[in-house]
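Remarks on the structure that follows.
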Ligand SMILES: NC(=O)c1ccc[n+]([C@@H]2O[C@H](COP(=O)([O-])OP(=O)(O)OC[C@H]3O[C@@H](n4cnc5c(N)ncnc54)[C@H](OP(=O)(O)O)[C@@H]3O)[C@@H](O)[C@H]2O)c1
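In the numbering used here, the protein residues as written are 415 to 793.
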């Protein structure tokens with residue numbers, strides 16, 4: 415669950431990443447120059463409901479274990495998260511009880527301790543995680559007593575008296591959403607939770623949850639690789655005045671150009687179990703990356719930065735949370751806020767993307783079953 419003395423470390427990788435800095439992002443957004451760039455053109459801030467944050471946040475899911483099952487050095491991850499805030503101005507950190515379970519919250523807590531009041535932290539409840547042991551029961555659990563114990567555990571681990579944004583990680587089809595809103599609302603009234611949101615909810619549940627207790631944000635998968643919510647969840651959240659937080663905004667790394675036909679995933683890698691990364695699907699899907707590469711050239715940016723900029727150009731109340739364990743990648747991602755697309759450019763890039771039919775499901779079937787679930791009506 416947490417680091418072990420025998421685990422491979424990231425220290426060497428972080429060092430070599432720093433040395434290789436100039437190779438990552440050429441032009442205006444090159445890491446070596448971007449400090450001055452960000453001072454000159456400070457990225458604007460954004461709102462999710464009533465919550466104001468940096469224009470780009472950071473996901474911390476992988477700081478305890480990467481997709482390739484590497485266990486990063488805890489000290490390196492603490493330094494990475496501190497650099498994100500202190501040097502790149504990131505103040506929106508996305509976490510969950512489930513990440514570890516518990517380990518990512520513990521690392522985030524250590525990282526932000528010196529500046530807790532300057533940042534917004536999110537966490538999530540909703541999987542059947544034993545609040546004491548962290549053992550995962552295999553499903554979801556949003557029974558109110560479980561939610562309260564989960565959130566009390568998150569507050570303790572995060573070393574804080576309030577969670578800025580608390581999400582239900584997945585809808586529990588056994589528990590009326592009014593009951594979930596009820597227990598979260600109690601914790602809002604107690605000052606332990608400041609805002610709440612849902613992740614991957616069914617549309618009806620989203621409406622009912624918002625009517626019970628207004629939501630600040632919906633967190634769903636959204637990237638140039640997966641644009642599946644553009645026709646429903648994005649317009650509905652806009653209609654209701656709910657912010658949108660795209661998770662896996664780099665398509666789990668795909669849109670950075672770091673994955674190609676030669677990439678061999680280890681079997682435990684989540685991405686190895688998604689149909690869209692199977693070689694027969696990956697090849698056509700890589701045409702999306704070529705679009706991002708073309709635009710990166712035009713913009714003097716990287717494909718990953720353009721991919722984040724594409725999401726941010728959709729609307730102002732949208733804050734991507736790219737995840738990384740790599741210092742150089744973190745800097746590159748944070749500086750994507752400086753890449754902008756005009757409405758004409760957005761339309762042109764959209765037309766190029768629309769011409770590509772994305773192949774393969776985004777998630778393995780058991781995971782997909784949790785997505786879009788509806789909660790029952792109150793009894
Ligand atoms: N609500 C949900 O159910 C849910 C589900 C998934 C994720 N999330 C949240 O969303 C956050 C982000 O998602 P994610 O981390 O799964 O996917 P992501 O942000 O789309 O991509 C992360 C992957 O891309 C790589 N990467 C990041 N920046 C890069 C760069 N500039 N150049 C090259 N490679 C780069 C990372 O590897 P390196 O470490 O080597 O940079 C990592 O493998 C998570 O941390 C979590 O907080 C939420």
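C-beta: ideal position from N, C-alpha, C; glycine also.
As the structure is a prediction and not an experimental result, all values here were calculated from the model.
Only counting the same chain, and skipping five residues up and downstream in sequence, which positions put a Cβ closer than 8 Å to that of residue 683? 481, 482 and 483
Buried versus exposed call for residue 528 [16 or more other C-beta atoms within 10 Å across all chains shown]: A residue is called buried once 16 or more other Cβ atoms fall within 10 Å of its Cβ, and residue 528, having fewer, is exposed.
What do you get for residue 550, buried or exposed, if any count of 16 or more other CB atoms within 10 angstroms of its CB means buried? exposed
Among 576, 690, 638 and 511, which has the Cα closest to the Cα of residue 555? 511
Just to confirm, does residue 770 get its C-beta within under 7 Å of one of the non-hydrogen atoms of ligand 1? no
When you compare only the Cα positions, how much space is there between residue 631 and residue 530? Answer to the nearest angstrom: the Cα atoms are 21 Å apart.
Report the CB separation of residue 706 from residue 669 in whole angstroms; it is logged as a contact under 8 Å. 6 Å
Quick one: grab the DSSP three-state call for residue 614. coil
If we call anything under 8 Å between Cβ atoms a contact, is residue 526 one with residue 535? Yes, the Cβ-Cβ distance between residue 526 and residue 535 is below 8 Å.
For residue 588, does the count of other Cβ atoms within 10 angstroms reach 16, so buried, or fall short, so exposed? exposed
In terms of alpha-carbon separation, which member of 546, 478 and 578 lies closest to residue 519? 478
Reference residue 463, options 654, 716 and 485, closest by Cα: 654
What are the residues that DSSP puts in a beta bridge with residue 508? 473 and 536
In terms of residue numbering, what span does the beta strand (DSSP E) encompassing residue 660 cover? Start and end: 657-661.
Which residue's Cα is closest to the Cα of residue 485: 540, 738 and 577? 738
In its own chain, which residues sit with a C-beta less than 7 Å from the C-beta of residue 650, not counting the 5 before and 5 after it? Taken in chain order, the residues that qualify are 617 and 620.
Taking C-beta to C-beta, are residue 506 and residue 471 nearer than 8 Å? yes
What residue range is occupied by the uninterrupted alpha helix (DSSP H) comprising residue 732? Careful: residue 732 lies outside any alpha helix (DSSP H) and carries neither H nor E.
Is it right to say residue 498 is buried, meaning 16 or more other beta carbons lie within 10 angstroms of its own, or is it exposed? buried
With 8 Å as the threshold, decide whether the Cβ of residue 638 is near any Cβ in chain B. Although the question refers to chain B, the structure presented lacks it and comprises just one protein chain.
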